[in-house]
Structure formats: structure tokens, C-alpha cells
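Remarks on the structure that follows.
In my numbering, the protein residues as written are 236 to 516.
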């Protein structure tokens, strides 16, 4: 059966942040969990499927950004047997999220608590670093959006993509490249897109938001816009010019995209990429 996202109703808006429920050889698992502000809705979505949080054995994380993994510590506190799978790069930041929270509070200011809520540590004994296989799923690094990003592929060739396959608030066909600071890297993401294509997925499970059933076309559109937006900022577009251009492209679809990936953050990540590039030999 094709997976369907659990809509976490971030800030009350539909189809912005999702999670996925998977069946594994070791019982039910979640792919990404959203922020702590969405925990009551997540628990409600599980109950709609006849489950309580303590029935879920594993949490598979794509990466540690707060819209994908912010609730992990709160969930483990409620359910101490929950095993959290995360890349080796991201694991230390789950165990001690102090630097992550400090950085995010600088970025979001007074909106941090409203957007994300509590960022609790995950005990080290609950953290499992990912390898090539996780609970019978293929797992592989997928940097570009973030250095600590991984993707998973199940036996039905559903690729659980996190942010590596971009943002597409379906039914819109617009594929937005999420490029927040500080780790966006065009070359790394191009390599990741090559790998996503090589995996031959039948569908892409997007956190923002839904199932993309035409992976090849979707990834081609992401690659095209990733290059175009990077070039636009590299050619000297200001923040205002970039946002105006992107908003025009998005048209009436803009509001949920802006909530899932604010354009000012995309610009900041692109600008930082070029700043780092100019210092390279």
C-alpha cells in the first residue's frame, strides 16, 4: 500500500509538515516527527490508525532540522523505549542540542517557541547511528541541504526523502529547493540528486508535503530550479529581488511554501554559499 503522510497541522495549517508511519520487521516506525509543537497532533494521527506512541518502536530521522526532528527528545521522554536513528553527523546534536538551539534561536528570534517549542535532548542510549541498512531499509547519505541528511528506501521502492528531494506542497507541481544556512552546498546536492535518480524509486515521500509519483520529472524540476536560484543570487540579486522573483514563480501557491521554507532563509543560505565560495582557492 502506498504510504500517506500524517499531516501534523503545523501552526494550524494543513499540508506543511508531515510524518510517515512505516511497518518494519521490528514493528511500527515513524519517518521524521516534526517539532515539539506538533506532538499532540502526531499522537492524534497515530490514534486514528489504532496506535499509541508507545506502540511505535523506532523513529527514523532524515536530518536534525527542527521541522523534521525537533520533537525527538520530547517523544523519547514520553516513550523511553523509542529508538532514534540518525546520521553519525547528526547524532551528537540530538544528544546535546544546546548549540543547535542557540543557533536556531538566533535565526528565529522571538518566533522560536511558537514555531518549534521545546528542544529536549535524546539520551545517548536511545540514539542509533545509521549505516547502509536500517530496519530492512536501504539508507544512504544525501547531503546538499544539510551535511547530516540521509534518505531511506523501502522494499516497494518508496524513497523517504526528507528535504533532499525538495519541497512540493501537492497538488501544486512547483518544486522548491530549500537552501537554508549554514550548510547548503550546490555541488553536494547535485551529487545527491544523481544518487536519488540512480536508486530508481517508484515514488518520493516528501515531508513538505505528500507523495510524488513521478520521481524523474520531480527531480529534474528540482535540479533546474536549484541551479537557477543559485545563479540568481550569485549574479548579485538582493534579498528583496530574490524574494520577489520566487514569489512571482510561486503565484497563488506561495503561503504554504513560505511556511514550510521561508524565502528569506533560502536567500540567506544561497548568499552564504557564495560567500564561502569566494574564499576558496
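Using N, Cα and C, we set each Cβ at its ideal position, and we do this for glycine too.
{"Asked": "What do you get for residue 287, buried or exposed, if any count of 16 or more other CB atoms within 10 angstroms of its CB means buried?", "Found": "exposed"}
{"Asked": "Measure the C-alpha to C-alpha separation of residue 308 and residue 355 and round it to an integer number of angstroms.", "Found": "5 angstroms"}
{"Asked": "Report the three-state DSSP secondary structure of residue 515 (helix, strand or coil).", "Found": "Its pLDDT being 42, under 50, residue 515 is placed unreliably by the model, and the measurement read from it follows with that caveat. DSSP places residue 515 in coil when its eight states are reduced to three."}
{"Asked": "State the Cα-Cα distance for the pair residue 499 and residue 389, rounded to the nearest angstrom.", "Found": "34 angstroms"}
{"Asked": "Do residue 509 and residue 469 count as a contact pair if the criterion is CB distance below 9 angstroms?", "Found": "yes"}
{"Asked": "Give the secondary structure of residue 248 by DSSP, where H, G and I count as helix, E and B as strand, and everything else as coil.", "Found": "coil"}
{"Asked": "Let me know the secondary structure DSSP gives residue 253 once reduced to three states.", "Found": "strand"}
{"Asked": "Is residue 277 near residue 285, with beta carbons less than 9 angstroms apart?", "Found": "no"}
{"Asked": "Is residue 259 near residue 371, with beta carbons less than 9 angstroms apart?", "Found": "yes"}
{"Asked": "Who does residue 445 pair with in a DSSP beta bridge?", "Found": "441"}
{"Asked": "Between the C-alpha atoms of residue 359 and residue 320, what's the straight-line distance to the nearest angstrom?", "Found": "11 angstroms"}
{"Asked": "Touching or not, the segment 408-421 and the segment 378-386, by the rule of three or more beta carbon pairs under 8 angstroms?", "Found": "yes"}
{"Asked": "Kindly indicate which three-state DSSP category residue 273 falls into: helix, strand or coil?", "Found": "helix"}
{"Asked": "Pair every Cβ in the segment 324-334 with every Cβ in the segment 302-316, then say whether three or more of these pairs are closer than 8 angstroms.", "Found": "yes"}
{"Asked": "To the nearest whole angstrom, what separates the beta carbons of residue 361 and residue 311, a pair I think is in contact under 8 angstroms?", "Found": "5 angstroms"}
{"Asked": "Take the Cβ of residue 345 as the centre, count every other Cβ of all protein chains shown within 10 Å, and call the residue buried at 16 or more, exposed below.", "Found": "exposed"}
{"Asked": "Cα separation between residue 436 and residue 279?", "Found": "30 angstroms"}
{"Asked": "Could you check how far apart the C-beta atoms of residue 506 and residue 454 are, in whole angstroms? I think they sit under 8 angstroms.", "Found": "In fact, because the Cβ distance is near 25 angstroms, the residues do not count as touching under 8 angstroms."}
{"Asked": "In the DSSP output, what is residue 375 paired with across the bridge?", "Found": "386"}
{"Asked": "According to DSSP, which residues form a beta bridge with residue 266?", "Found": "255 and 295"}
{"Asked": "How would you label residue 218, buried or exposed, when you count the other beta carbons within 10 angstroms and need 16 or more for buried?", "Found": "With the chain running from 236 to 516 in the structure shown, residue 218 is simply not present."}
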